[in-house]
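Residue numbers (the working numbering), protein chains in the order written: chain A, 1 to 523; chain W, 1 to 161.
All C-beta atoms, glycine included, are put in the ideal place defined by N, C-alpha and C.
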Amino acid sequence: MKLLFEWLHARTGYRGGVRVMLDEPLPPGTGWFFTLGSVLLALLSIQLLTGAFLTLYYAATPDHAYDSVRFIDALSAGRIVRGLHHYGASFIVVALVAHMLRVIAFGSYKPPREVTWLSGLALLALILGFSLTGYLLPWDQRAYWATVVTINISKLTPLGGEVVAGILRGGSTIGALTLTRWYGVHVIFFPAALVLLIVGHLFLMRRHGISGPVRSRTGPSFAFFPSQAARDVTMVSIVVVLLVAYAWHGAPPLEGPADPTDATYTPRPEWYFLGLFQLLKYFPGKWEVVAAMIVPGLAAAFLALLPWIDRGSDRALPKRRAILSVVAIGFISVAVLTTLGWRDTPSSAASHDSWTLREIGGRIYAQKLNCTKCHAETGLADALEGGPSTRGPEWIAGHIADPEMIAPGMREPPTTIHEREAAAVAAYARRAARDPYPGYPPNIELIAPVWARYCVGCHKIEGDGGTDGPDLTHEGTKHDAATLRRWIEDPEQVDPDADMPAFGDRLNEAQLDAIAQYLASRK
Amino acid sequence: MSHNAGSPIPTGRRRALVVFVNTIVALIGGALSAVLGAFALGPRGASQTRWSRAGTTADLKPDEPVARVLSVSRVDGWYRARARETVFLVWDGEKTIRAMSATCTHLGCQVRWEAKEKKFRCPCHGGVYAADGSVLEGPPPRPLQTIDARIESDSSVLVRL
Numbered sequence: 001m002k003l004l005f006e007w008l009h010a011r012t013g014y015r016g017g018v019r020v021m022l023d024e025p026l027p028p029g030t031g032w033f034f035t036l037g038s039v040l041l042a043l044l045s046i047q048l049l050t051g052a053f054l055t056l057y058y059a060a061t062p063d064h065a066y067d068s069v070r071f072i073d074a075l076s077a078g079r080i081v082r083g084l085h086h087y088g089a090s091f092i093v094v095a096l097v098a099h100m101l102r103v104i105a106f107g108s109y110k111p112p113r114e115v116t117w118l119s120g121l122a123l124l125a126l127i128l129g130f131s132l133t134g135y136l137l138p139w140d141q142r143a144y145w146a147t148v149v150t151i152n153i154s155k156l157t158p159l160g161g162e163v164v165a166g167i168l169r170g171g172s173t174i175g176a177l178t179l180t181r182w183y184g185v186h187v188i189f190f191p192a193a194l195v196l197l198i199v200g201h202l203f204l205m206r207r208h209g210i211s212g213p214v215r216s217r218t219g220p221s222f223a224f225f226p227s228q229a230a231r232d233v234t235m236v237s238i239v240v241v242l243l244v245a246y247a248w249h250g251a252p253p254l255e256g257p258a259d260p261t262d263a264t265y266t267p268r269p270e271w272y273f274l275g276l277f278q279l280l281k282y283f284p285g286k287w288e289v290v291a292a293m294i295v296p297g298l299a300a301a302f303l304a305l306l307p308w309i310d311r312g313s314d315r316a317l318p319k320r321r322a323i324l325s326v327v328a329i330g331f332i333s334v335a336v337l338t339t340l341g342w343r344d345t346p347s348s349a350a351s352h353d354s355w356t357l358r359e360i361g362g363r364i365y366a367q368k369l370n371c372t373k374c375h376a377e378t379g380l381a382d383a384l385e386g387g388p389s390t391r392g393p394e395w396i397a398g399h400i401a402d403p404e405m406i407a408p409g410m411r412e413p414p415t416t417i418h419e420r421e422a423a424a425v426a427a428y429a430r431r432a433a434r435d436p437y438p439g440y441p442p443n444i445e446l447i448a449p450v451w452a453r454y455c456v457g458c459h460k461i462e463g464d465g466g467t468d469g470p471d472l473t474h475e476g477t478k479h480d481a482a483t484l485r486r487w488i489e490d491p492e493q494v495d496p497d498a499d500m501p502a503f504g505d506r507l508n509e510a511q512l513d514a515i516a517q518y519l520a521s522r523k
Numbered sequence: 001m002s003h004n005a006g007s008p009i010p011t012g013r014r015r016a017l018v019v020f021v022n023t024i025v026a027l028i029g030g031a032l033s034a035v036l037g038a039f040a041l042g043p044r045g046a047s048q049t050r051w052s053r054a055g056t057t058a059d060l061k062p063d064e065p066v067a068r069v070l071s072v073s074r075v076d077g078w079y080r081a082r083a084r085e086t087v088f089l090v091w092d093g094e095k096t097i098r099a100m101s102a103t104c105t106h107l108g109c110q111v112r113w114e115a116k117e118k119k120f121r122c123p124c125h126g127g128v129y130a131a132d133g134s135v136l137e138g139p140p141p142r143p144l145q146t147i148d149a150r151i152e153s154d155s156s157v158l159v160r161l
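Rendered as structure tokens:
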């Protein structure tokens, strides 16, 4: 072994390179504050590695992206690898901000290190770009709708807003072209830029040496290896243990597959964009551009110009009170906005846990239509509940209308089915693929098919349904059960000018009673 | 870079630090390699099989292999593909049915049933099998693969592929 290394050194001189790396001279007093760069380097390496391995299974097409991510989660170590990559992004943002605050507090951006500082800011922008592009890749509801918001924000860009949005989208709508584009940028363009920027950043760091403590101390400089290296690996191991704990404990989120027709979904950004998300709420309408572009732009410009705003070579904290106060106020504002955005959970996000009436109705129809004859645990086709079926709504609707077309020779001739029943079964199939049926009381199971067949076309409950008629989410606050029953039976009996058709001849007594009571109970 | 590594740290402490740094680096590197290695190996376990309908006994002749082309769903990672597979069904005229794969065990060509000779012949390298799938002549190393099959009460035939 030793001989092999001797030979390798004789041919390559690699030990010289290693020595150059390890013997970096550090000013006296360099301590724990200067370990954050190494932590970032370690986290970024983990991110590059896990990302590279994830590409072994990921497929960047709208048809398969979601399925492939689910497949990754089912693989051995799949959740861990995806978890490391998912939570690693958050860790990097935290470490990056900490590193930046350290640099600002120590005045390390002062001459001759202005370009090092600028390359660090470019790295910050790049990291945020990584997280934005990576967010879309799982192609779940969160990914899709967050990207809709991102692209709409990009339209606020002064002058060519539409052009910017078009470049981000790739095609005329968010879809296959957006996904391949963001994927390519996320796995090729950005990593290449990242490596170049890191090499540049480290080169500049070595060229000027690290800034060291604010008040330079006297004494000899010391080598990076092993004492500073020991501090670095201690910090790195603490952070890595935390990251592994996160990845182990919490499976990275994956919601239902992206559904561009689902208007009920309220997108939420990743936590480090929540501040911006919250800021947007304070600037409605035409003022939105202030929150989306001007405030972040000014902040970025301030940071970029910091070495020229904060002149003078003195790095001592008391001499830089004004600048440090501005930075502190900015940081506290971001923290407060992020907390407010965090706490401001939209109400519909909570109600998403329960199944919609349409989904429950779809389950009843699926049983009535004998879907479960084949779609069962031991059946000819995949079971409907708990299976990985992630087909789009059109595919499912087509399959329900004519199963023969999609699965030739596999089943009995199809029964005719009403378009709205098919839509309900499709909604059920998509829901059942990710959540087990929680079970609902008999009255709900009685009215759900009625609702899904007759009411949902015009009325909404909790965000699901049509808009021709009024929203019935809180109908119980307006009418009692008796009035509602008479109304549903024959609206003209209550109001001669009513637009709604009569349902008295289409529903039986039990159904009329149940739906009237249900609506009256909705307060 | 003429900086001297001979630092003011005492040798014993220096050695301890070197061991510490190398251990941590080896631990993190090793753990990461193990996780990523396991991940890269891919899915384990055989692919799932499922009962598929292959017509009814009314389509079959007693004791005569009949070829049936079935469309089976194959799970390939996250991808579901429909593959066409040929199986030979041999019905005894009553309650039992045998199913054999039409794939020659030599190099994977599709064998044909020669009704006059009552033999399966492979067109590629001259493999010959008897009606029960056993090898009669030629290079095939094993008999034709048998496949689970059963007859339902409504006389439909199911095979597991």
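Next item on the list: Output the boundary residues of the alpha helix (DSSP H) element that contains E445 of chain A.
Entry: E445 of chain A -> alpha helix (DSSP H) spans P442 to V450.
Item checked: Residues in the segment 228 to 261 of chain A having any Cβ partner in chain W nearer than 9 Å -> Listed by position, the residues of the segment 228 to 261 of chain A near chain W (Cβ gap below 9 Å) are A229, A230, D232, V233, T234, V236, S237, V240 and V244.
Notebook entry, point to check: What's the gap between the Cα of D480 of chain A and the Cα of R486 of chain A?
Noted result: Between D480 of chain A and R486 of chain A, the C-alpha separation is close to 10 Å.
Margin query: Measuring CB atoms only, is the segment 313 to 326 of chain A touching the segment 210 to 230 of chain A, in the sense that at least three cross pairs come out at less than 8 Å?
Written below: The segment 313 to 326 of chain A is in contact with the segment 210 to 230 of chain A.
Next item on the list: Could you tell me which residues DSSP puts in a beta bridge with H418 of chain A?
Entry: Within the DSSP bridge table, the entry for H418 of chain A names no partner.
Check: What's the C-alpha gap between A520 of chain A and E419 of chain A?
Finding: Taking the straight line from one Cα to the other gives about 28 Å.
Check: For the segment 146 to 229 of chain A, which segments carrying the alpha helix (DSSP H) assignment without a break, of at least 4 residues, lie completely within its bounds, in sequence order?
Finding: The DSSP assignment places complete alpha helix (DSSP H) segments of no fewer than 4 residues inside the segment 146 to 229 of chain A at 161 to 169, 176 to 184 and 190 to 208, in order along the chain.
Margin query: For chain A, check one thing: does any of its Cβ atoms lie closer than 7 Å to the Cβ of V157 of chain W?
Written below: Residue contact check for V157 of chain W against chain A: no CB pair falls below 7 Å.
Checklist line | Under 8 Å from the C-beta of R70 of chain A: neighbouring residues of chain W | finding: Close to R70 of chain A, with beta-carbon spacing below 8 Å, are these residues of chain W in chain order: W78.
Margin query: Just verifying my parser: in three-state terms, what is the DSSP assignment at W78 of chain W?
Written below: It is coil, neither helix nor strand.
Notebook entry, point to check: Under three-state DSSP, which class holds V111 of chain W?
Noted result: Correct three-state label for V111 of chain W: coil.
Margin query: My assumption, with CB atoms under 8 Å, is that A429 of chain A sits in contact with G361 of chain A. Please give the rounded CB distance.
Written below: So it is not a contact: roughly 13 Å between Cβ atoms.
Notebook entry, point to check: Mind checking I210 of chain A: buried by the 16 CB within 10 Å criterion, or exposed?
Noted result: I210 of chain A should be labelled buried.
Check: What number of angstroms, rounded off, separates the C-alpha of T261 of chain A from the C-alpha of V21 of chain W?
Finding: The straight-line gap from Cα to Cα measures roughly 54 Å.
Check: Which two residues bound the contiguous alpha helix (DSSP H) that contains W355 of chain A?
Finding: From DSSP, W355 of chain A is part of no alpha helix (DSSP H); its letter is neither H nor E.
Notebook entry, point to check: Below 8 Å, can you find three or more Cβ-Cβ pairs linking the segment 89 to 100 of chain A to the segment 35 to 54 of chain A?
Noted result: Between the segment 89 to 100 of chain A and the segment 35 to 54 of chain A, the count of Cβ pairs shorter than 8 Å is three or higher; the stretches touch.
Margin query: Please report whether the beta-carbon of A38 of chain W lies at a distance below 7 Å from any beta-carbon of chain A.
Written below: So, interface residue.
Check: Between the C-alpha atoms of A131 of chain W and R50 of chain W, what's the straight-line distance to the nearest angstrom?
Finding: One alpha carbon belongs to A131 of chain W, the other to R50 of chain W, and they sit about 25 Å apart.
Item checked: DSSP state of V334 of chain A mapped onto helix, strand, coil -> DSSP places V334 of chain A in helix when its eight states are reduced to three.
Next item on the list: Please check the pair G219 of chain A and P25 of chain A, which I expect to be a contact at CB under 8 Å, by giving their CB distance rounded to whole angstroms.
Entry: Their Cβ separation, rounded to whole angstroms, is 12 Å, which puts G219 of chain A and P25 of chain A out of contact at 8 Å.
Checklist line | Contact set for D490 of chain A: own chain, Cβ-Cβ below 6 Å, skip 5 residues either direction | finding: Same-chain partners within the cutoff: A502 and G504.
Notebook entry, point to check: Cβ of R17 of chain W less than 7 Å from any chain A Cβ?
Noted result: One detail in the question is off: residue 17 of chain W reads as Leu in this sequence, not Arg. For L17 of chain W, at least one C-beta of chain A is nearer than 7 Å to its own C-beta.
Next item on the list: List the DSSP bridge partners of E100 of chain W.
Entry: Here residue 100 of chain W is Met; the residue named in the question, Glu, does not match the sequence. The secondary-structure analysis by DSSP pairs M100 of chain W across a beta bridge with W:F88 and W:T146.
Checklist line | Buried or exposed by the 16-neighbour rule on C-beta atoms within 10 Å, applied to R169 of chain A | finding: Here R169 of chain A is buried. Its C-beta has 16 or more other C-beta atoms within 10 Å.
Margin query: Is it buried or exposed, I329 of chain A, if we count other Cβ atoms within 10 angstroms and call 16 or more buried?
Written below: Within a 10 Å sphere around the beta-carbon of I329 of chain A sit fewer than 16 other beta-carbons, which makes this residue exposed.
Note to self: For the ligand NAP, is there any heavy atom lying closer than 6 Å to the beta carbon of R98 of chain W?
What the structure shows: Ligands are entirely absent from the displayed structure, and the ligand NAP is therefore not among its contents.
Note to self: Using the three-state DSSP reduction, which class does P318 of chain A fall into: helix, strand or coil?
What the structure shows: Helix, per DSSP.
Check: Nearest to W117 of chain A by alpha carbon, out of A:A424, A:N508, A:A304 and A:I400?
Finding: Of the listed residues, the one whose Cα sits closest to W117 of chain A is A:A304.
Checklist line | Of the listed residues A:E385, A:L512, A:A426 and A:A95, nearest to P436 of chain A (C-alpha basis) | finding: It is A:E385.
Margin query: Would I163 of chain W pass as an interface residue toward chain A - the criterion being a Cβ-Cβ separation below 7 Å?
Written below: Residue 163 of chain W lies beyond the stretch modelled for chain W, which goes from 1 to 161, so this question has no answer here.
Check: Beta-carbon separation of A58 of chain W and F88 of chain W under 7 Å?
Finding: Here A58 of chain W is not near F88 of chain W, since their CB atoms are 7 Å or more apart.
Notebook entry, point to check: Around the Cβ of F203 of chain A, are there at least 16 other Cβ atoms within 10 angstroms (buried) or fewer (exposed)?
Noted result: Exposed.
Margin query: Does the structure place the segment 64 to 74 of chain A close enough to the segment 78 to 96 of chain W that three or more beta carbon pairs sit under 8 Å?
Written below: The way I'd put it, the segment 78 to 96 of chain W does touch the segment 64 to 74 of chain A; three or more beta-carbon pairs between them come closer than 8 Å.
Margin query: At the level of alpha carbons, what is the spacing between A350 of chain A and V456 of chain A?
Written below: Interpretation of A350 of chain A is limited by its pLDDT of 42, a score under 50 that renders its predicted location unreliable; no figure is taken from the coordinates.
Item checked: Through-space distance from A498 of chain A to E492 of chain A, alpha-carbon basis -> Cα to Cα, the separation comes out at about 6 Å.
Next item on the list: Using a Cβ-Cβ cut-off of less than 8 Å, list which residues of the segment 45 to 62 of chain A approach chain W; keep chain order.
Entry: So the list reads I46, L49, T50, F53, L56, Y57 and A59, given in the order they occur along the chain.
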